[in-house]
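Read in UniProt numbering, the sequence shown has 361 at position 361, and its numbers run on one by one without any break. Where a beta carbon is used, it is the ideal one built from N, C-alpha and C, also for glycine. Structure first, then comments.
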Amino acid sequence: MSSSGRKRKQQLKPRQDEHRSPVKRRSVDIKTEPLDGYPALADYDLSTADIKPDLTELQLQQAVEQQVAPSVSRSELDHQESDSDEDGYSELNYQAADVFCQDEPDYYDPDWSSQQAGSRLLFQFPTPSHQTGLKFAKRFQGPIHYFNHMLGDRSRFFNLLAANCNQRGGDGASGSLHATAEEMETFVALSLLMSDLKLERLSDYWSTNMFYGFVGFTGKMPLERYQQLLHHFNFDPEHPVKSKNKPKDFPLLNFINERMAELYVCGQQLVLNEPITLWKGRFSYQEDLPSKFRTNSLLLHMLTEQSGLVVKLLPEIVRQEDAQAWVRNSRQLVEHRTELALKLMQDHHGGRTVYVSKFYGSYGLAHELAKRSTYCTGLLDRNRYGNSKALVHQRLDSNSISTSYAKSLMMAKWRRRAKSFYFFSSDCLAIYAKELSMQKTNARPKLIQELDWQLRPGNESRQHLIHYQPACQEIPAAKKVGIFLLNILVYNAYLLYLANSQNPRGGHLKSYSEYRVVIIKSLLKEEVISEPMTVSPHKADAQEKVKDKAVAEAKLKAVRHEPVLIQQNGKPARKNCRHCHKGGMLQFSKFMCNSCPDKPGLCQEPCFRLWHEQLKK
Numbered sequence: 001m002s003s004s005g006r007k008r009k010q011q012l013k014p015r016q017d018e019h020r021s022p023v024k025r026r027s028v029d030i031k032t033e034p035l036d037g038y039p040a041l042a043d044y045d046l047s048t049a050d051i052k053p054d055l056t057e058l059q060l061q062q063a064v065e066q067q068v069a070p071s072v073s074r075s076e077l078d079h080q081e082s083d084s085d086e087d088g089y090s091e092l093n094y095q096a097a098d099v100f101c102q103d104e105p106d107y108y109d110p111d112w113s114s115q116q117a118g119s120r121l122l123f124q125f126p127t128p129s130h131q132t133g134l135k136f137a138k139r140f141q142g143p144i145h146y147f148n149h150m151l152g153d154r155s156r157f158f159n160l161l162a163a164n165c166n167q168r169g170g171d172g173a174s175g176s177l178h179a180t181a182e183e184m185e186t187f188v189a190l191s192l193l194m195s196d197l198k199l200e201r202l203s204d205y206w207s208t209n210m211f212y213g214f215v216g217f218t219g220k221m222p223l224e225r226y227q228q229l230l231h232h233f234n235f236d237p238e239h240p241v242k243s244k245n246k247p248k249d250f251p252l253l254n255f256i257n258e259r260m261a262e263l264y265v266c267g268q269q270l271v272l273n274e275p276i277t278l279w280k281g282r283f284s285y286q287e288d289l290p291s292k293f294r295t296n297s298l299l300l301h302m303l304t305e306q307s308g309l310v311v312k313l314l315p316e317i318v319r320q321e322d323a324q325a326w327v328r329n330s331r332q333l334v335e336h337r338t339e340l341a342l343k344l345m346q347d348h349h350g351g352r353t354v355y356v357s358k359f360y361g362s363y364g365l366a367h368e369l370a371k372r373s374t375y376c377t378g379l380l381d382r383n384r385y386g387n388s389k390a391l392v393h394q395r396l397d398s399n400s401i402s403t404s405y406a407k408s409l410m411m412a413k414w415r416r417r418a419k420s421f422y423f424f425s426s427d428c429l430a431i432y433a434k435e436l437s438m439q440k441t442n443a444r445p446k447l448i449q450e451l452d453w454q455l456r457p458g459n460e461s462r463q464h465l466i467h468y469q470p471a472c473q474e475i476p477a478a479k480k481v482g483i484f485l486l487n488i489l490v491y492n493a494y495l496l497y498l499a500n501s502q503n504p505r506g507g508h509l510k511s512y513s514e515y516r517v518v519i520i521k522s523l524l525k526e527e528v529i530s531e532p533m534t535v536s537p538h539k540a541d542a543q544e545k546v547k548d549k550a551v552a553e554a555k556l557k558a559v560r561h562e563p564v565l566i567q568q569n570g571k572p573a574r575k576n577c578r579h580c581h582k583g584g585m586l587q588f589s590k591f592m593c594n595s596c597p598d599k600p601g602l603c604q605e606p607c608f609r610l611w612h613e614q615l616k617k
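What follows is the structure, given as structure tokens:
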């Protein structure tokens, strides 16, 4: 290559700065010199000169000037910013500095040894197994019963919701809102339905275009009225929150915690899984987001059971001054997350076992819970403060295990193939230690199997909470939190329905989507047309016998269309769905309408409803 070509290549190379992010270059001094000092510009009138500064230096200057954050005027959740919103940096910007502390024993960083030094912890769970679960409720009830049981008194709940909206709406210049309890039931039903139907704009839900596949929002409530109720949507209890342990800005969350404490007794095993984060208008699990610090993000910490039932909620708004508590491998992080876990476990001590995810797991948490007679078992981050450094740096062969001990706590490292897993336990230490030493070569340790059963199914079941959330970006963040809490309330009612109901004859328990349809229809005062659990093979014969009876009163009654199972020669059969066939799609269904003249085959949902709505027109 010639010298001219090499010079040209060097000119085209980008600038090699230590940090190209303008926010990270806080110590950069931008060179500002008077233009009169340049001899080439001495003959020009600099007051009228159109001189464009270097674009890169201008961007750096604007970035430095914008370091002072503006005052939050509306809501902290509407002003979210991460440490890497500029150009993709995900690590925290902390300068290297020496850190000094007092030479005192650190209970969160113990001395680890290869031999067990402490005795086995023995905590007794005082509550018998038959006394755990739902209190003061009849078993084997319908789906709506458990939803009303979660609300306490349904009419009182919606009357209080309407009164709070009217109180907030009366403060404005437009006068009183005049919201009623029935109107608030419709508002809650439409908000739940918006979590099922994902549309970009709020006006799309009130569109009459059949392309979306549904109609009915306009007939239930006008768009302007829904926006008014959404703007003033608020739930304040009759008695204001006076306890320091309860967040004042989340009254609906406090209501859910109080209702779960009143009507449910937790079992011996609890789960602290990954928290849910509200970031940029969407709820996601913390482990699914890139590892970065997010200012004004909302974290919902949840204490659940293995089934996913939310026992207690704890909100946390991450502010800029909390950045030190998010530094990886720091004592501040262990202290902060241990404090959060202890708040969640405040009323659930005494012989219980809590399984924690990698987000909360640390020796400090197990140490504090052991003081409160609670076992702790969970996963560990490799660089978590308090880990055994010798165990972390120890090289293991495939399918091998190594353990370290600090008093009554065991930390283990297990290498399956290429990856290594770190976990700890203070429960049944002697049994697990003996089993780990006798483990087969190709088998997983029993403690790993227990963690997988406690944490993984919880993630799978909690996907319902992530899926059913409002997708419209026009809804403010504070209102999205309220709608999301309503979805949690419905989800808890569904899990109580699964745990306390009985399979009907010839049917099955409802899925979560079917359960939501029942709740939404009950709020909208609509009759549930199709109930999968009440369909019987002998229903068609019973209706034929009724038709043969010449009763005058029966003729006066309106014909009720209900789906029945199709049978041919005494065996179950299928028919092509008439509504799907009309749209050019061949779809077979095992249900038909026995009240229609030609007994058409129809899919149970939504073709059965749409077919009869067209017949009414």
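Have a look at F157 and Y146 and give me their C-alpha separation to the nearest angstrom. Looking at the backbone, the Cα of F157 and that of Y146 are separated by about 15 angstroms.
Distance between S207 and Q567 (C-alpha atoms, nearest Å): Whole-angstrom Cα-Cα distance: 40 angstroms.
Please report how far the alpha carbon of Y264 lies from the alpha carbon of N257, in whole angstroms. About 10 angstroms.
Since Y355 sits in a beta bridge, which residues does DSSP pair it with? Y355 is bridged to V271 and T377.
Are L289 and E316 close, meaning C-beta to C-beta below 7 angstroms? Their beta carbons are not under 7 angstroms apart, which means L289 does not touch E316 by this criterion.
Which one of L485, Q269, V517 and R609 has the shortest CA to CA distance from H301? Comparing Cα positions, the closest option is L485.
Going by Cα to Cα distance, which pick from Q469, L391, F608 and L565 is closest to D111? The shortest Cα separation from D111 among Q469, L391, F608 and L565 belongs to L391.
Ignore the nearest five residues each way along the sequence and tell me which others in S307's own chain have a CB closer than 6 angstroms to its CB. Only L495 meet the Cβ criterion.
Along the chain, where does the beta strand (DSSP E) containing V311 start, and where does it finish? For V311, the uninterrupted beta strand (DSSP E) segment begins and ends at V310 to V318.
Alpha carbons only, please: which of S195, M194 and S155 is nearest the one belonging to M184? It is S155.
With a cut-off of 8 angstroms on the beta carbons, I'd call L365 and V356 a contact; round off their distance for me. That pair is a contact at about 7 angstroms.
What's the call for Q131, buried or exposed, on a 16-neighbour Cβ count within 10 Å? That one is exposed.
Between the alpha carbons of H232 and L340, how many angstroms are there, rounded? Approximately 31 angstroms, taken between the alpha carbons.
Ordered along the chain, which non-local residues of its own chain (more than five positions away) have a Cβ less than 7 angstroms from that of A40? For A40, the predicted model reports a pLDDT of 46, less than 50, meaning its position is unreliable and no value from the coordinates is stated.
For my contact list, R384 and G361 are in at a C-beta cut-off of 8 angstroms; report their separation, rounded to the angstrom. Taking C-beta atoms under 8 angstroms as the contact rule, R384 and G361 qualify, at a distance of about 7 angstroms.
Output the distance between the C-alpha atoms of Q587 and N576, rounded to the nearest integer angstrom. Spanning the two alpha carbons is a distance of roughly 6 angstroms.
Is DSSP giving I276 helix, strand or coil here? In the structure shown, I276 falls within a strand segment according to DSSP collapsed to helix, strand and coil.
What does DSSP give as the partner residues of I401 in its beta bridges? Answer by DSSP bridge pairing, in chain order: W414.
Can you tell me where the alpha helix (DSSP H) with K146 in it begins and where it stops? The sequence shown places Tyr at residue 146, rather than the Lys named in the question. Element bounds for Y146: P143 to L151.
Could you give the first and the last residue of the continuous beta strand (DSSP E) run that contains H301? First-last of the beta strand (DSSP E) with H301: S297 to T304.
Where S589 falls, given that 16 or more other Cβ within 10 Å makes a residue buried: When all chains shown are included, S589 counts as buried.
Please work out which residues of its chain come closer than 6 angstroms, Cβ to Cβ, to F125, disregarding the five sequence neighbours upstream and downstream, and give them in chain order. Q268 and G351.
Enumerate in chain order the residues of its own chain whose CB-to-CB distance from I466 is below 8 angstroms, with the five nearest sequence positions on each side excluded. In its chain, beyond the 5 residues on either side, I276, F283, S284 and Y285 have a beta carbon closer than 8 angstroms to the beta carbon of I466.
Here's a check: name, in chain order, each residue in its chain whose Cβ is nearer than 7 angstroms to the Cβ of Q614, leaving out the five neighbours to either side. Beyond the five residues adjoining it in sequence on each side, Q614 comes within less than 7 angstroms, by CB distance, of no other residue in the same chain.
For W279 versus R294, is the C-beta spacing smaller than 7 angstroms? Yes; because the gap between Cβ atoms is below 7 angstroms, this pair is in contact.
Given D109, which residues of its chain have a CB within under 6 angstroms of its CB, disregarding the five upstream and five downstream residues? The residues are G386.
Rounded C-alpha distance that separates S119 from Y107: Distance between the alpha carbons of S119 and Y107 is about 18 angstroms.
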